[in-house]
Amino acid sequence: MKQDQPTLQEWRALYEAAVEFRKIEPWRWMEDSDIFGVQDPRSGEIGYCCVMGALGEVFAMAVYLGTKGLNGYRLIQKGTVKPGNPDSLFIQNCLMASFEDREFIEKEDRAIMKALGLKFRGSNEWPLFRSYRPGYFPWFLDRDEVLFLTVALQQALDVCVRYKADRKTLKPPRRNHYLVRVQETVWRDEWKEPVPAESEPIESKPVDELRVQRIRKRVMPVQAVWEIDFFHTPIPVAEGGRPFFPYAMMICDHDSGFVYDVYLSSPGKYIAEFPAVFLSSIEKNGIIPLEILIRKKEAADLLTPYAVALDIKISSAKRLNTIDKARRSMTKFLGRT
Numbered sequence: 001m002k003q004d005q006p007t008l009q010e011w012r013a014l015y016e017a018a019v020e021f022r023k024i025e026p027w028r029w030m031e032d033s034d035i036f037g038v039q040d041p042r043s044g045e046i047g048y049c050c051v052m053g054a055l056g057e058v059f060a061m062a063v064y065l066g067t068k069g070l071n072g073y074r075l076i077q078k079g080t081v082k083p084g085n086p087d088s089l090f091i092q093n094c095l096m097a098s099f100e101d102r103e104f105i106e107k108e109d110r111a112i113m114k115a116l117g118l119k120f121r122g123s124n125e126w127p128l129f130r131s132y133r134p135g136y137f138p139w140f141l142d143r144d145e146v147l148f149l150t151v152a153l154q155q156a157l158d159v160c161v162r163y164k165a166d167r168k169t170l171k172p173p174r175r176n177h178y179l180v181r182v183q184e185t186v187w188r189d190e191w192k193e194p195v196p197a198e199s200e201p202i203e204s205k206p207v208d209e210l211r212v213q214r215i216r217k218r219v220m221p222v223q224a225v226w227e228i229d230f231f232h233t234p235i236p237v238a239e240g241g242r243p244f245f246p247y248a249m250m251i252c253d254h255d256s257g258f259v260y261d262v263y264l265s266s267p268g269k270y271i272a273e274f275p276a277v278f279l280s281s282i283e284k285n286g287i288i289p290l291e292i293l294i295r296k297k298e299a300a301d302l303l304t305p306y307a308v309a310l311d312i313k314i315s316s317a318k319r320l321n322t323i324d325k326a327r328r329s330m331t332k333f334l335g336r337t
């Protein structure tokens with residue numbers, strides 16, 4: 001068995017923890033805003049637990065991984081990113097234990113249950129475990145995820161039972177602090193403030209000065225405004241291993257709606273590829289726009305050095321109507337293929 005694959009004993013512990021958690025039905029008294037943490041004894045990372053099921057639609061517990069995972073949850077809960085926003089699918093960084101109908105259980109899950117001799121019957125009774133990572137398709141757990149989710153469910157049961165008896169259990173002593181279960185010799189409560197999320201600076205390659213000079217000699221600036229956006233496409237791609245949602249760069253004319261370019265990249269490669277696509281679009285269309293409109297900081301950070309080199313103004317925009325219209329059309333087309 002591969003090192004990153006759970007043993008049957010580890011799977012059994014996870015299923016047992018899930019079954020015990022399902023028995024107490026904590027969604028009967030907990031809301032998805034009742035957040036608490038469990039610290040992974042192995043990695044030290046804190047998973048922020050959210051119990052779902054108060055509305056009677058989804059019965060589950062999500063464990064949002066670290067401050068970045070918690071921040072993604074907050075964006076959705078506060079309505080900053082609406083559930084209907086396509087990008088809401090790509091900010092979740094969590095482990096999920098849900099309780100489903102049989103039809104949602106895949107053959108890989110059934111194989112594990114069969115090997116363990118487990119049988120389930122009824123609506124919302126079948127445990128299902130998945131890993132959610134930004135940019136990736138929900139996927140089966142690896143060994144580290146199985147071990148952490150097992151611990152999280154066990155400690156969540158403790159917290160949920162105590163919260164039922166005393167609603168002050170999760171009342172923080174200070175703003176922005178969460179009750180976190182921490183293991184030293186034994187498990188105990190500790191109030192912790194999430195550590196600041198570390199931003200990952202975009203380290204792009206140096207600007208190709210020779211290419212920029214060739215463009216400036218051959219292409220003249222015109223009175224044009226471009227919209228540029230980065231986003232995940234909704235159709236996953238499998239190239240061996242975990243399927244991913246390709247990351248797209250789209251370039252449109254702000255006034256005419258003409259789509260100059262759509263380029264798809266795989267995870268980790270877009271930083272090197274997107275600036276080259278930007279320059280290629282200028283070259284093949286024979287246009288240096290006077291201004292580009294961008295709404296994502298990530299896109300601005302990556303393209304600013306090239307825009308500056310070509311004397312293109314970069315403006316921040318909350319809405320990119322032309323991009324959004326083209327994106328809806330692309331999504332509709334992909335959904336039919």
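Quick note on the UniProt record's numbering: the sequence shown kicks off at 1 and runs consecutively.
Beta carbons are placed, not taken as given, at the ideal position from N, Cα and C, and that holds for glycine.
All of these numbers come straight from a predicted model, not from anything done at the bench.
| Check | Outcome |
| --- | --- |
| By Cβ distance, which residues of its chain are closer than 8 Å to R215, with the 5 residues on each side in sequence left out? | Sequence check: residue 215 is Ile here, not Arg. Correct list, in chain order: L279, I282, E283, I288 and L310. |
| Going along the chain, which residues of its own chain have a beta-carbon closer than 7 Å to the beta-carbon of L118, five neighbours each way excluded? | Y15 |
| Whole angstroms is fine: what's the gap from A317's alpha carbon to D301's? | 14 Å |
| Which first and last residues belong to the beta strand (DSSP E) in which F230 is found? | P221 to H232 |
| Take D158 and list the residues in its own chain whose beta-carbon comes closer than 8 Å to its own, dropping the five residues that flank it on each side. | R181 and W187 |
| What's the C-alpha gap between R102 and R121? | 8 Å |
| Leaving out five residues before and five after V19 in sequence, what residues of the same chain have Cβ atoms less than 8 Å from its Cβ? | P127 |
| Kindly list the residues whose CB is nearer than 6 Å to the CB of V222, restricted to its own chain and excluding five residues on each side of it in sequence; keep chain order. | I287 |
| Alpha carbon to alpha carbon, how far is R22 from V161? Give it in angstroms, no decimals. | 12 Å |
| Tell me the rounded alpha-carbon separation between M1 and Q9. | With a pLDDT of only 41 at M1, under the threshold of 50, the placement of this residue in the model should not be trusted; the figure read from the coordinates follows. Those two C-alpha atoms are separated by around 13 Å. |
| Helix, strand or coil: which one does DSSP assign to S265? | strand |
| Here's the rule I'm using: 16 or more other beta-carbon atoms within 10 Å means buried, otherwise exposed. How should A248 be labelled? | buried |
| Leaving out five residues before and five after V51 in sequence, what residues of the same chain have Cβ atoms less than 6 Å from its Cβ? | P26, W27, M30 and M61 |
| Can you tell me where the beta strand (DSSP E) holding F99 begins and where it ends? | C94 to E100 |
| Closest to N321 by C-alpha separation, out of H254, I292 and T331, would be which residue? | H254 |
| Skipping 5 residues on each side, what residues in its chain have a beta carbon closer than 8 Å to that of T304? | I314 |
| Would L70 pass as a contact of L149 if the rule is Cβ separation under 7 Å? | no |
| Using only CA atoms, which one of G44, A54, P41 and D109 lies nearest to R12? | D109 |
| Residues bridged to M30 by DSSP? | For M30, which the question treats as bridged, DSSP gives no partner whatsoever. |
| Look up S281 in the DSSP assignment and say whether it is helix, strand or coil. | helix |
| Would you mind listing the alpha helix (DSSP H) stretches within the segment 87-160 that are 4+ residues and don't spill past its ends, in chain order? | 107-116 |
| Please classify D301: does DSSP put it in a helix, a strand, or coil? | helix |
| Checking contacts by CB at 7 Å: is G44 closer than that to chain C? | Protein chain content of the structure displayed is limited to a single chain, and chain C is not contained in it. |
| Name the residue from D144, M250, D142 and V308 whose alpha carbon lies nearest to the alpha carbon of A326. | M250 |
| Helix, strand or coil for D253, going by three-state DSSP, please let me know. | strand |
| Less than 7 Å separating the beta-carbons of K296 and F230? | yes |
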